[in-house]
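Take any residue in the sequence shown, note its place counting from 1, add 67, and you have its number in our numbering.
The structure appears right after this line, and notes come after that.
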Amino acid sequence: MRVLVVGAGPAGATAALQARELGADVTLLEAEQVGGTNINRGPTPVRTLARAARLARDWSSWERFGLQGPRPVPNLDAVLANSARVARYAHDKKDIAGRLRHGGIELADHLGPVQFTDPHTVAAGDGRSWYGDRVIVAVGCRAAPLPVPGGELALTYLDILTLKALPREVAVIGGADTGCQIASIFADFGADVLLVEAGPRLVPGADASISAALSLAFEAKGMKVATGTRVQALEPGGGQVSVRFAPGGAVQHATAEAVFAAVGWPANLRDLDLDAAGVDSGPRAIPVDDYLRTNVGHIFAAGDVNGRTKLVQTARLEGRTAAWNAVRGPSRQMAYAAVPSGSFTDPEYGSVGMTEDQAARDHESAVGIARYDDLVRPVADGRPDGFCKLIADRRTHAILGAHVLGEYSAETVQVVATAMAAGMSVEQLAEMQFAFPTFTEAVSMAAQKACRAIGIGQFPPAWSYLGPEE
């Protein structure tokens, strides 16, 4: 069997390796550089930039710890050079292309746009074409343009890495994960930031407690947050951009040296000619079933292109699942319940499983919340703002989800993800011992509170807990 994989990002590269491991002959096509946006232009270099912004932020707490000295001044050229260095290091260290070829995979990269010519064949612009008995489409997505007059004046997150100077005034349009990350970076670098979200709350896919706490934290650091607000137009003038928006129906204007749009991630479908393969697609993604099959049984779609989660970790899992089903037949369904997510906003947040609202609709649920300011480590580190919320089923005692906001939350939530994947009950998690003092103690504290809410387990007051026992 020959498997043809289109796209060599996290989903495509993983799918190719998995299909080869299962004994298929594999060809992997990539329009640009192997590794996808994640390593080359997206989360890896931008996360490095966020780290620099955090270090600049930490200056405000120096005196509290007895440290003195002038505030560090960001050197944008040096900051961006370091981000590029880390991206190159990650790319070279992973050597994805070398691993693929060493594994016996035929790799063709830097092809430019490719397209289907029939349901089994994909061709490049240079006249070459490749056949697959099974085809896995994993071409990723791109930042959507801002659909308002003057929208072409808006930058995207990729443009951060090409800035020549740090803007003093920034407007970010779109308050989901990416928009909040961009806003956080510039706020920590000292810019005045306006964050506009059309929906009623920030990060609308997150637990409501995360959205509320994030808004409060942003406003506390001086950011202006406008939810339930649509941008009407962007207008140039005097080296700046004027943003026209209407919170509550009253038109307002704000000027910014840089405007960033983070209004969605449509799939890269424009050049694929899916019609030639008979594949149905929507305007932003290719719909798939739980086996990641499209409407054409031998063609699968994995990663961002199917529009399900747009997470690197999910893309890897989908790549493996699509490859398995392509080679062995449809026998593995996708399961997302124990796949964690995290965002490098400031404060950062992490989640896994159901939100509290989702759990309340589908289960008889109980909630336990541990506050960071009741734990020694967050207080000692000067980062006491945050919490860990854990949700459990009252009847089965299964862990349904967790949501953490604050320092190291993306790492902390993975403890719960591991427990969920292992099928642990909430009382088993509550019994676990965590190193002291650590941020991850919040997990056991939240689990113990959830157990008390259910009425199970005998947990004595924790001597290390700073807050009142409930």
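Using N, Cα and C, we set each Cβ at its ideal position, and we do this for glycine too.
These figures come from a predicted structure and were not determined experimentally.
### Query
What are the uninterrupted segments assigned as alpha helix (DSSP H) that are 4 or more residues long and contained completely in the stretch 364-429, given in chain order?
If we require 4 residues or more, the alpha helix (DSSP H) runs fully inside the stretch 364-429 come out as 379-395 and 423-429.
### Query
Is Ile163 near Val101, with beta carbons less than 8 Å apart?
Going by C-beta atoms, Ile163 is nearer than 8 Å to Val101.
### Message
I'd like to check one pair, Cys247 with Leu283: are the Cβ atoms closer than 8 Å?
### Response
Against a cut-off of 8 Å, the Cβ pair of Cys247 and Leu283 comes out as no contact.
### Query
So is Ser511 buried or exposed if we call it buried at 16+ other beta carbons inside 10 Å?
Around the beta carbon of Ser511, a 10 Å sphere encloses 16 or more other beta carbons of the protein chains shown; the residue is thus reported as buried.
### Task
Please determine, among His464, Gln525, Leu269 and Arg461, the residue with the shortest C-alpha to C-alpha distance to Ala329.
Taking only the C-alpha atoms, the option nearest Ala329 is Leu269.
### Task
Within the same chain, show all residues whose beta-carbon is closer than 8 Å to that of Pro139, passing over the 5 residues directly before and after it, in chain order.
Contacts found: Leu122, Ala123 and Trp126.
### Runs of alpha helix (DSSP H) lying entirely within the stretch 85-128, each at least 4 residues, in chain order
Within the stretch 85-128, the complete alpha helix (DSSP H) runs of at least 4 residues are 103-107 and 110-125.
### Status (buried if at least 16 other CB within 10 Å, exposed otherwise) for Leu147
So Leu147 ends up on the buried side.
### Task
On the DSSP bridge assignment, give the partners of Cys455 in chain order.
In the DSSP output, where bridge partners are listed per residue, Cys455 has Ala437 and Val471.
#### Entry: Whole-angstrom C-beta distance between Thr223 and Phe312, which should lie under 8 Å
With 8 Å as the limit, Phe312 and Thr223 do not qualify as a contact, their Cβ atoms being about 19 Å apart.
### Query
With a Cβ-Cβ cutoff of 8 Å, do Thr355 and Gly199 count as a contact?
Residue identity check: residue 355 is Val in the sequence provided, not Thr. Their beta carbons are not under 8 Å apart, which means Val355 does not touch Gly199 by this criterion.
### Bridge-paired residues (DSSP) for Ala328
Ala328 is bridged to Ile240.
### Task
Grab the span of the beta strand (DSSP E) containing His320 for me, first residue to last.
Counting along the chain, His320 sits inside the beta strand (DSSP E) bounded by residues Gln319 to Ala323.
#### Entry: C-beta atoms of Ser196 and Val189 nearer than 8 Å
Cβ distance < 8 Å, so Ser196 and Val189 count as in contact.
### Task
For the alpha helix (DSSP H) containing Glu478, list its first residue and its last residue.
Residues Ser476 to Ala488.
### Glu494, enclosing alpha helix (DSSP H) - first and last residue
That run of the alpha helix (DSSP H) goes Val493 to Glu498.
### Val263 beta carbon less than 8 Å from that of Val298
In this structure, Val263 lies closer than 8 Å to Val298 by Cβ.
### Query
How would you label Leu167, buried or exposed, when you count the other beta carbons within 10 angstroms and need 16 or more for buried?
Classification for Leu167: buried.
### Task
Please report how far the alpha carbon of Thr296 lies from the alpha carbon of Gly386, in whole angstroms.
The alpha-carbon atoms of Thr296 and Gly386 are separated by roughly 37 Å.
### Query
Would Ser150 be called buried (16 or more neighbouring beta carbons within 10 Å of its own) or exposed?
Its Cβ being crowded by 16 or more others within 10 Å, Ser150 is buried.
### Query
Which residues in the same chain have their Cβ closer than 7 Å to the Cβ of Val480, if we skip the five residues on either side of it in sequence?
Closer than 7 Å at the Cβ level, and outside the excluded window around Val480, lie Pro407, Gly409, Gly417, Ser418, Val419, Ala469 and Val471.
### Boundaries of the beta strand (DSSP E) in which Lys291 is found, first to last residue
Segment Lys291 to Ala293, the beta strand (DSSP E) holding Lys291.
### Task
Provide the residue(s) that pair with Gly304 in DSSP beta bridges, ordered along the chain.
In the DSSP output, where bridge partners are listed per residue, Gly304 has Gln307.
### Message
Restricting to Cα atoms, I'd like to know which of Ala323, Gly192, Thr485 and Glu474 is closest to Ala98.
### Response
Among Ala323, Gly192, Thr485 and Glu474, the Cα nearest to that of Ala98 is on Gly192.
### Message
Beta-carbon within less than 6 Å of Ala210's beta-carbon, same chain only, minus the 5 sequence neighbours each way: which residues are those?
### Response
Hits under 6 Å: Thr223.
#### Entry: Expected contact under 8 Å - CB spacing of Leu457 and Ala514 to nearest Å
With a beta-carbon spacing of about 5 Å, Leu457 and Ala514 fall inside the 8 Å limit used to define contacts.
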